[in-house]
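Structure first, commentary second.
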Amino acid sequence: MVHNGIIENYMEIKEFLVSQGVRFRSETDTEVVAQLLAYYYGKTGDMMSAVYRVLDRIEGAYALGILSADMPDSFIAARKDAPLLLGYGEGCSFIASDVTAIIKHTRDISYMEDGEVALVKAGAITVFDALGRQMEKEHSFVDWDVSAAEKGGYAHFMFKEIMEQPEAVRKTISPRIKEGRVAFEELKLEPDYIRGLKKIFIVACGSSYHVGVVGKYNLERLLRRPVDVMLASEFRYADPLVDEDTLVIVISQSGETLDTMAALRMAKSLGARILSIVNVVGSSIARESDDVLYTWAGPEIAVATTKAYSTQLVLLNMLGLYFGDLMGSVSPAEYSDIVWELLDLPAKMERVLENTEEIKYLASRYFNHNSIFFIGRHLDYALGLEGSLKLKEISYIHCEAYASGELKHGTISLIENGTLVVALCTYAPLFEKSLSNIVEVKARGADIVALTTNSRSRELSKTVENILSIPDTHMLLQPSLGVVPLQLFAYYVALHRGCDIDKPRNLAKSVTVE
Ligand code: M6R
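If you read the sequence shown in my numbering, its first letter stands for residue -7, the second for the next number, and so on.
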């Protein structure tokens, strides 16, 4: 048995099976399912009915693949609250949690729904509903290019995906800008509903949440309405103030993150409309949302997200522009300015990717630090959250992101001679404030790596020796360029430390458990 997920009542089932004389070989919840299946199979002599009895009894989240020596030409698949898809090949069949695992073999797939059970044979799959009735499954065609899920000469998927960002961002933006206007033809939200919106919640996990933090700042500025951002794992237990007048924007690369999915369902049950920003077409979050905006990042294989983050970010900013225009809260001049800068972003990202020498040098100089702080204000704080997560997840260095204004409320006591502080100073309106925070930590002996825009780098060089400089763009879009050197810094540091960059320890690409 292959099991993805968690069986919540496994202890109780285990006690029952032990009382029946079953001997266990491991401590896993997965073995409990396998043993329970063997138990019912022994009683019924029929594998399919034994599977249904198991599914009736187990609680929790699971995607199951079941093989038995008594069924040498087939296997059984079942799911509840964990992703599972079926792949139809020529003379072969597949099950997988993520489409990227099988696109090399087939792009003809179906998504299994909760309660369904599939009997899978080479070249033939029969699906049954929760009551055991045979049913027809809708097929989806995955149009991702197979080569996009291969390394194509790069040492790591992460590096390849960093390099693919200009193209991914271009593909996400350009079909949605027509004659200088943001056009979301796929949106079903009515203009009157958008104009009447009282509140927006952005809900997500990890890097997708960090996109939401940028979104909170930018959407509040563009819409002049309250925008809240919450971690999905907190939102679902927080009893949030959500009702029919709330729009919940759910962000997820995989479209399968369990906490995000649970938050979506809860918000829906409270009457909110759900608009999701998702990368994987047909994924669970996409299917359960009222509206979906797809990021056209293509398959992302490395656990550390890069191009999905970047495409989510531009899409959320475009949404802010679109809503702001309908609400009349964004001036025509600022609207055109942002659209113009959006269109220019891919070329500017390419320029950042062409100048990596300084980043490589700084990574070689600082890779053996044990603790690194990212500081910044406003959008630079949001950027620091992402830069710090990127570095810690792939290099295993302890990193923290702090809002610079909070330093003197505690964190500054951690700064001593040689502590590395990555100071983010790309948000123009607060440049001077950020500069004084740099002076503060420098005075306590910190080594500084500063990230700023080309227009400010000369000024900053009077205070800081190590400067990474990025092209200027509209201030609300600056994190789209700022994140690229931070991704590369994390990558090169992890490379020096000999880490498993694409598959960092203890992490999974799609987090389908709570
Ligand atoms: O697929 P999702 O966007 O819902 O995933 C959310 C997080 O698990 C994900 O962003 C995670 O934090 C990444 N490993 C960060 O690089």
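For each residue, glycine too, the CB sits at the ideal point set by N, CA and C.
Cβ separation of threonine 444 and isoleucine 459, assumed to be a contact under 8 Å, to the nearest whole Å: Indeed they touch by this definition, with Cβ atoms about 6 Å apart.
C-beta atoms of alanine 55 and arginine 45 nearer than 8 Å: no
Glutamate 153: CB within 7 Å of a non-hydrogen atom of the ligand M6R: no
Serine 199 Cβ short of 7 Å to the ligand M6R heavy atom set: yes
Euclidean distance between Cα positions of tyrosine 358 and threonine 411: Using only the alpha carbons, I get a separation of about 10 Å.
Proximal residues to alanine 140 (C-beta, below 6 Å), its chain only, five neighbours per side dropped: If we look at alanine 140 and ignore the five residues flanking it on each side, its Cβ neighbours are Gly290, Pro291.
Closer than 7 Å: alanine 196 CB and nearest the ligand M6R heavy atom: yes
Separation of valine 273 from valine 475, as counted between CA atoms: 25 Å
Buried or exposed (CB count within 10 angstroms, at least 16 for buried), glutamine 304: Its Cβ being crowded by 16 or more others within 10 Å, glutamine 304 is buried.
Straight-line gap, serine 200 to leucine 28 (C-alpha atoms, nearest Å): 38 Å
Check whether asparagine 362 and leucine 399 have beta carbons under 8 Å apart: no
Nearest neighbour of lysine 340, chosen from Ile169, Arg162, Pro218 [CA to CA]: Arg162
Cβ-heavy atom distance, glutamine 245 to the ligand M6R, below 7 Å: yes
Own chain, CB closer than 6 Å to arginine 15, minus 5 neighbours either side, in chain order: none
Bridge partners - phenylalanine 151, DSSP secondary structure assignment: DSSP links phenylalanine 151 through a beta bridge to no other residue.
Runs of alpha helix (DSSP H) wholly within the stretch 227 to 269 (minimum 4 residues, chain order): 250 to 261
Check: valine 505 C-beta below 7 Å from any heavy atom of the ligand M6R: no
Cβ-based burial, methionine 310 [other Cβ within 10 Å; buried from 16]: Looking at its Cβ environment, which holds 16 or more other Cβ atoms inside 10 Å, methionine 310 is buried.
Residue environment, tryptophan 288, which counts as buried when at least 16 other CB atoms sit within 10 Å: buried
Supposed contact pair isoleucine 364 and valine 414 - C-beta distance, whole angstroms, cut 8 Å: Yes, they are in contact, since the Cβ atoms of valine 414 and isoleucine 364 sit about 6 Å apart, within 8 Å.
Sufficient close CB pairs (3 or more, under 8 Å) joining the stretch 190 to 197 to the stretch 322 to 338: Touching, no.
Serine 66 - DSSP class collapsed to helix/strand/coil: Secondary structure at serine 66: strand, using DSSP grouped into helix, strand and coil.
Alanine 393 CB to nearest heavy atom of the ligand GDP below 7 Å: No copy of the ligand GDP occurs in the structure displayed; its ligands are the ligand M6R alone.
Short Cβ contact (8 Å threshold) for glutamate 342 with proline 167: no
Boundaries (first-last residue) of the beta strand (DSSP E) holding asparagine 1: No beta strand (DSSP E) holds asparagine 1; DSSP gives it neither H nor E.
Within 8 Å, strictly: CB atoms of arginine 448 and phenylalanine 481: no
Other residues of its chain near threonine 92: CB distance less than 7 Å, five sequence neighbours each side excluded: Closer than 7 Å at Cβ, skipping near neighbours: Ala141, Pro291, Ile293.
Close-in-space but distant-in-sequence residues of the same chain around proline 471 (CB under 6 Å, 5 per side omitted): Val206, Leu371, Leu375
Boundaries of the beta strand (DSSP E) in which serine 18 is found, first to last residue: Careful: serine 18 lies outside any beta strand (DSSP E) and carries neither H nor E.
Cβ distance (whole Å) where alanine 88 is taken to contact glycine 79 below 8 Å: 7 Å
Reduced DSSP category for tyrosine 394 - H, G, I as helix; E, B as strand; rest coil: strand
For leucine 540, the nearest candidate out of Tyr394, Ser268, Leu416 (CA to CA): Residue coverage of the chain in this structure runs from -7 to 506, which leaves residue 540 outside it and unanswerable.
Any non-hydrogen atom of the ligand M6R closer than 7 Å to leucine 377 Cβ: no
Nearest-angstrom Cα separation, counted from tyrosine 483 out to isoleucine 386: 7 Å
Collapsed DSSP secondary structure at phenylalanine 481 in the structure displayed: Three-state result, phenylalanine 481: helix.
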